[in-house]
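*Asks:* Numbering (this note's numbering), first residue to last: 17 to 95.
This is the structure I want to talk about, given as structure tokens.
Structure follows, in structure tokens:
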């Protein structure tokens, strides 16, 4: 949510991911509907050994209501 507001349309945010765990699907961490609320789309993911990365591209301007303050993000997560 915070990073999305820093991107211009066409920009890309790369996020480091935790090491893979059995039974956890990385797609669930970045649901299309959730990131879409921020103007983002999935731009792919990759792993190098234990290190993983997720790319998110800014497809449209992030709504002005984002980013919200810390308490609001904790109480009502964007996704």
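Think of the CB as a built atom: it goes at the ideal place given N, C-alpha and C, for glycine as much as any other residue.
Measure from the alpha carbon of residue 152 to the alpha carbon of each residue in 30, 59 and 84, then state which is nearest.
*Replies:* Lying before the first or after the last residue shown, residue 152 is absent from the chain, which here runs from 17 to 95.
*Asks:* Which one or two residues does DSSP pair with residue 53 in a beta bridge?
*Replies:* For the purposes of this step, residue 53 is identified with residue 37 of the chain shown, where counting begins at 1. Paired residue(s): none; residue 53 is not in a bridge.
*Asks:* Rounded to whole angstroms, what's the CA-CA distance from residue 60 to residue 78? Just pull it up for me.
*Replies:* Walking along the chain shown from the start, residue 60 turns up at place 44. Walking along the chain shown from the start, residue 78 turns up at place 62. Cα to Cα, the separation comes out at about 20 Å.
*Asks:* Apart from the five residues on each side of it in sequence, which residues of its chain come closer than 7 Å, Cβ to Cβ, to residue 47?
*Replies:* Locating residue 47 in the chain shown gives position 31, where the first residue counts as 1. The answer, listed in chain order, is 95.
*Asks:* When you compare the CB positions of residue 66 and residue 35, do they come within less than 7 Å of one another, or not?
*Replies:* Along the chain shown, read from residue 1 onward, the residue named residue 66 stands at position 50. Along the chain shown, read from residue 1 onward, the residue named residue 35 stands at position 19. Yes, the Cβ-Cβ distance between residue 66 and residue 35 is below 7 Å.
*Asks:* Compute the Euclidean distance between the alpha carbons of residue 54 and residue 23, then round it to the nearest angstrom.
*Replies:* As a working mapping, residue 54 is identified with position 38 in the chain shown. As a working mapping, residue 23 is identified with position 7 in the chain shown. So the two alpha carbons sit approximately 11 Å from each other.
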